[in-house]
Amino acid sequence: MRFTLNGRSVTYEASGARRLLDVLREDLGATGTKEGCGEGECGACSVLINGEVVDSCLVAVGQVEGCEVVTVEGLAEGTELSALQQAFINYGAAQCGICTPGMLLAAHVLLQRPDRLSADDVREGLAGNLCRCTGYTKIIEAVLSCRT
Amino acid sequence: MVSRSPIGQSVPRREGVAKVTGAAKYTDDLVIVGAWYGKTVRSTIAAGRLRAISLDPAFDWSRVVVVTAADIPGENVVHLIRDDQPVLARVGGDIRHKEEPILLLAAPERGTLEAAARHVRMEYEPSTPVYDLDGALEVYSTIQITKGDVDSVQGEVIERTFKVGLQEQLYIEPQGAIAIPEPGGAIRIIGSLQCPYYVHRALKRALKLSDAQAIVVQAETGGGFGGKEEYPSMVAIHAALLARKAGRPVRLIYDRHEDLAATTKRHPGVITHRTTVKKDGTLLAQDIEIVLDGGGYCTLTPVVLSRAAIHAAGAYSCPNVRIRARAVATNTPPNGAFRGFGAPQSLFAAELMVEHAAGRLGMSSVDLRRKWMLRLGDTTATGQKLTESVGSELVLDAALKAAATVQPSNRPTVRRGRGLSLVFHGSGFTGSGEKKLQGTIGFEALADGTFRILTASTEIGQGTKTIFCQLAADALGVSLDRVTLAPQDTSLVPDSGPTVASRTAMIVGRLVQDAAAEVQQRLARGEQPPIAIQKSYIQPDSLSWDETNYRGDAYPIYAWACTIADVDVDMITGEVRVTDLVTAVDCGKALHPVMAEGQIEGGSLQAVGWATIEEIKMKDGAYQNDRLATYLIPTALDAPRIRTILVENPYSRGPFGAKGIGELPMDGPAPAILAALHDATGVWLDEIPATPEKVLAACASR
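Here is the structure:
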């Protein structure tokens, strides 16, 4: 089977029943995607599939045949951080960092919305991604700073 | 060229780029060639004796490594305070709680491992478990603090009993360690942990290793909050035993379910206050009894109890105080370290007690706090005279000034209220703790013009690495990029003490600052690099502590906080929603304001969760809600707007005046929220979490 990971085509031969999370982490070396609960509650394993935020622990790799998958490793352009990644550093939105990859992807999608985001929109949009360090305040500030 | 001082500047987090790009390597991210997977098989009874272990002969065990207590080369204890907790329950030995580790398995694939676990049989001789604090199995420790004579006073007496519940740390990265056998009988542990030297000591004891044979390395760690203070010793020993027997690396990574079911929680407890006041509001006496549930093994319980007892009278000056505290054993999984370490429990009770007294006296609780609060020159319950950096009034004024006027609710079924709390929290270890520990760091000036900090203090999100580099760069007068940190690896760095107790920036940070200053002076005198020095903590002579009678200087200094919470209470559903939280914090000096705020905001939300939604349901000695679908923590939608006001009130011995504040934010929100609940509904709930069921029941019985 084939899918695109961070813009590169991936050919994959193995059971389509494996979790996308495990294939990313163990077979493709994309360990930026984290496992927090393994049952779709914490959002640490969030990835983008065709632009939608999905918990990769709940997805069988067979389901992403032909899809575009983006992980945290796909957010920067080479060594150039995206504006959102830079904002996470500047605003103190990453503490222990374990929720950060998933949080960044969820926030990245929010920022694609055509309407100007409010703080409540950000809270709602990030409600599927748990963070235990920050109290969310600085994450919300970081996302709001990236509105265009 | 001399750089501008980075102190007080919110410079970028040292490992920030690695964390936002996915490059940071947490334990389970590490690729270790040839490593097998490990698993822990645990008890299904809460109390009794392990009679036998049998392995189903029908199963193919040829590709599985099995470890039991008989395979432990050293002592079968997870070394900590009392050494009562076995690494693995032995056949013929006691079982003291559900999920107690009995047997370990390792296999090359996860499937084989899971199948093997299904073919292990345990035979038990169950006994009647004890869950009741009054009929507890044994008393782990008792503490009595006496000031004046509570029995000598007469006045208005107010008595209330408060209950606090279990809480899970819920770091988002579960516990995990990888053990790698190395030449010379050495074992290398790479793990998610707060205290490399705790693990080092425990590993040496259980595996009979020398200092050099036990190597403990911290991987990037996805949160700790105390949960990775003592428990990683257990995980590391287990992984090491498997790796030793398998003769290959073994990765032992918990899944969330196992982590919730088996690892330590915040101690639940019952706290009773009998407070005597005069009609004019004068505080005459505080008589306090604390009982904490330690669970099946001692872990850090006596130290948790100590911090609970010392903070029990609250941030107030009272001539007559008696605090009687005890921690007991029950047949539940052991409780352990969690941010605040007993103080949130006892301060919850102390703060609500101020509210009850104010209600009885017909006074405003803010006025009563002003009348009672500790000020410069006052003495605490242990008789400690406060001689500097007492921020009680500063934080009270700052929080009151910052909190906006409460707007009335515009929904008929929602009531709105506001509550306030005033707390203090001792920074650093209790009493002679720092003196006994003598935390040590290394500091080097290298030939290439860079400098290196060698410390075992870990980065767990709070900013250790960034702040240490700021302190060193300032003292040296160089730019931040010329300062590096050695890895947190026990074979490379000295024991700086554990990363706990709000001590890292204040105690270890000061050592970094002093060491860097000394190296700078030597360079200024013309000495050539390389230069390598060590610095150890020296307790100032002015601090004295009587461990037997709990008298004297319990902490080198205290940080202070005032929290104002606004809540909406849904009178139909009973839901308590915290909408706004303002906290003013006397942190001495904010070395890195954004990180200081981050500590306050994150800790505050953990306290909001503890006060409102984080409830562990116990049944027959096991946690019923041991999944993230059922143990809920606040999401971005649940979280209130949190505002932090940093008040700088320097402490003479902290680096640039800084005081430890890591645990402080866990103390204030819960009582402020319960006071706000009363303000909104007229109902007092002396128990947390204030779940919808409890709120509705309390409103109905009013």
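Note that the protein sequences, when read in sequence, are chains G and R. Residues in the first sequence are numbered consecutively from 44, following the numbering used here. Residues in the second sequence are numbered consecutively from 38, following the numbering used here. Built from N, CA and C at the ideal position, the CB exists for glycine as well. The structure displayed is predicted, hence computed values, not measured ones.
Query                                                                                                                                                                                              : Result
Using the C-alpha atoms, what's the distance from residue 162(R) back to residue 90(R)?                                                                                                            : 12 Å
So does the region 703 to 714 of chain R actually touch the region 40 to 56 of chain R, counting three or more Cβ pairs closer than 8 Å?                                                           : no
At the level of alpha carbons, what is the spacing between residue 644(R) and residue 346(R)?                                                                                                      : 19 Å
Write down every uninterrupted run of the alpha helix (DSSP H) in the region 96 to 181 of chain R whose length is 4 residues or greater and which is fully enclosed by it, in chain order.         : 147 to 154
Examine chain G for any beta-carbon lying closer than 8 Å to the beta-carbon of residue 697(R), and answer yes or no.                                                                              : no
My output table needs one value for residue 635(R): the three-state DSSP class, helix, strand or coil.                                                                                             : helix
If you check the beta carbons only, do residue 73(R) and residue 287(R) fall under 8 Å apart?                                                                                                      : yes
Please list the segments of the beta strand (DSSP E) lying wholly inside the region 435 to 474 of chain R, counting only runs of 3 or more residues, in order along the chain.                     : 451 to 464
Along the beta strand (DSSP E) that carries residue 628(R), what are the first and last residues, could you check?                                                                                 : Taken as a continuous stretch (DSSP letters only), residue 628(R) belongs to no beta strand (DSSP E), as it is neither H nor E.
So, is residue 558(R) buried or exposed, given that buried needs 16 or more other C-beta atoms within 10 angstroms?                                                                                : exposed
Please report the straight-line C-alpha distance between residue 531(R) and residue 545(R), rounded to a whole angstrom.                                                                           : 12 Å
Going by DSSP in three states, residue 93(G) sits in which element: helix, strand or coil?                                                                                                         : coil
Using only CA atoms, which one of 284(R), 300(R), 376(R), 282(R) lies nearest to residue 290(R)?                                                                                                   : 300(R)
I'd like to know whether the C-beta of residue 38(R) is nearer than 8 Å to at least one C-beta of chain G.                                                                                         : Note that residue 38(R) has pLDDT 43, beneath the 50 cutoff, so the model's placement of it is unreliable and the number below is only indicative. No, its Cβ sits nowhere closer than 8 Å to a Cβ of chain G.
Closer than 9 Å between beta carbons: that is the criterion. Which residues of the region 714 to 728 of chain R meet it against chain G?                                                           : none
Would a C-beta distance cut-off of 8 Å place residue 606(R) and residue 714(R) closer than the cut-off?                                                                                            : yes
Is the beta carbon of residue 621(R) closer than 8 Å to that of residue 556(R)?                                                                                                                    : no
With a threshold of 8 Å between beta carbons, is residue 257(R) in contact with chain G?                                                                                                           : yes
Mapping DSSP to helix, strand and coil, what is residue 302(R)?                                                                                                                                    : coil
Would a check of beta-carbon distances place residue 81(G) closer than 8 Å to chain R?                                                                                                             : yes
Just reading off the beta strand (DSSP E) that residue 76(R) is part of, what are its end residues?                                                                                                : 73 to 79
Closer than 6 Å by C-beta to residue 38(R): which residues in its own chain qualify, once you throw out the five before and the five after it? Chain order, please.                                : Since pLDDT at residue 38(R) reaches only 43, below the 50 mark, its modelled position is unreliable, and the value read off the structure follows with that caveat. Cβ neighbours of residue 38(R) beyond the five flanking positions: none.
Strictly under 8 Å for the Cβ-Cβ distance: is residue 57(R) near chain G by that measure?                                                                                                          : yes
Which residue from 174(G), 189(G), 186(G) puts its Cα closest to that of residue 638(R)?                                                                                                           : 174(G)
Given a cut-off of 8 Å, decide if residue 160(G) and residue 187(G) are closer than it, judged by their beta-carbon atoms.                                                                         : yes
Does DSSP put residue 365(R) in a helix, a strand or coil?                                                                                                                                         : strand
Which class does residue 118(G) belong to by DSSP, given the choice of helix, strand or coil?                                                                                                      : coil
Pop quiz: residue 372(R) and residue 331(R) are said to be a contact at Cβ under 8 Å. What is the actual Cβ separation, rounded to whole angstroms?                                                : 6 Å
With a cut-off of 8 Å, does the C-beta of residue 147(G) fall near any C-beta of chain R?                                                                                                          : yes
Answer yes if the region 312 to 324 of chain R comes into contact with the region 351 to 359 of chain R, meaning at least three C-beta pairs across the two stretches below 8 Å, and no otherwise. : yes
For the alpha helix (DSSP H) that residue 616(R) lies in, which residues bound it at each end?                                                                                                     : Counting along the chain, residue 616(R) falls outside any alpha helix (DSSP H), though it belongs to the beta strand (DSSP E) covering 613 to 623.
Given a threshold of 16 other Cβ atoms within 10 Å of its Cβ, counted over all protein chains shown, does residue 51(G) qualify as buried or as exposed?                                           : exposed
Using a C-beta to C-beta distance shorter than 8 Å, which residues of chain R count as neighbours of residue 115(G)?                                                                               : 57, 58, 59
Compare the Cα-Cα distances from residue 99(G) to each of 181(G), 137(G), 132(G), 172(G) and report the closest residue.                                                                           : 172(G)
Please confirm whether residue 85(G) has its beta-carbon closer than 8 Å to some beta-carbon of chain R.                                                                                           : yes
Quick check: the region 520 to 539 of chain R against the region 473 to 482 of chain R, are at least 3 beta-carbon pairs closer than 8 Å?                                                          : yes
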